[in-house]
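Per UniProt numbering, the very first residue in the sequence shown carries number 1; after that it's consecutive.
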Amino acid sequence: MNPPKHFQERERERERERERERERERERERERGREREREREEREERERERERERETDRETERQTERQRDRETERQRDRERQRDREGERHNLKKYFH
């Protein structure tokens, strides 16, 4: 014997509600997945930005080091030039 129609209808309605709830849960899970993906992308972008900043800092340091090296070399050149001029002066005094 079959159950009365109103019981069957209620059971079908409960099944539809369960299916809607499963669909809502699947949608929540998809949204959580999208949120995790956004967070991952944001972390990766922040890391790329930090790496760009570190590279900029390294390049600035290299430029500063090259500038110091050039200045040191110019200073040595000036000292060598003074030494040569001093030697010439001493030679002139010696031979005159």
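Built from N, CA and C at the ideal position, the CB exists for glycine as well. From a predicted model like this one, the values you see are computed outputs, not experimental measurements.
Alpha-carbon spacing of residue i relative to residue j, whole angstroms
i	j	result
ARG43	GLN81	56 Å
ARG78	GLU85	10 Å
ARG46	GLU39	10 Å
THR64	GLN75	16 Å
GLU19	ARG48	43 Å
ARG30	GLU61	46 Å
ARG70	ARG52	27 Å
GLN67	ARG50	25 Å
ARG54	GLU41	20 Å
ARG12	ARG24	18 Å
GLU73	GLU59	21 Å
ASN2	GLU21	28 Å
Sequence-distant residues of its chain with Cβ nearer than 8 Å to residue i (five each side left out)
i	result
GLU17	none
Task: Length at least 4, wholly inside the stretch 21 to 84: the alpha helix (DSSP H) runs in chain order - done: none
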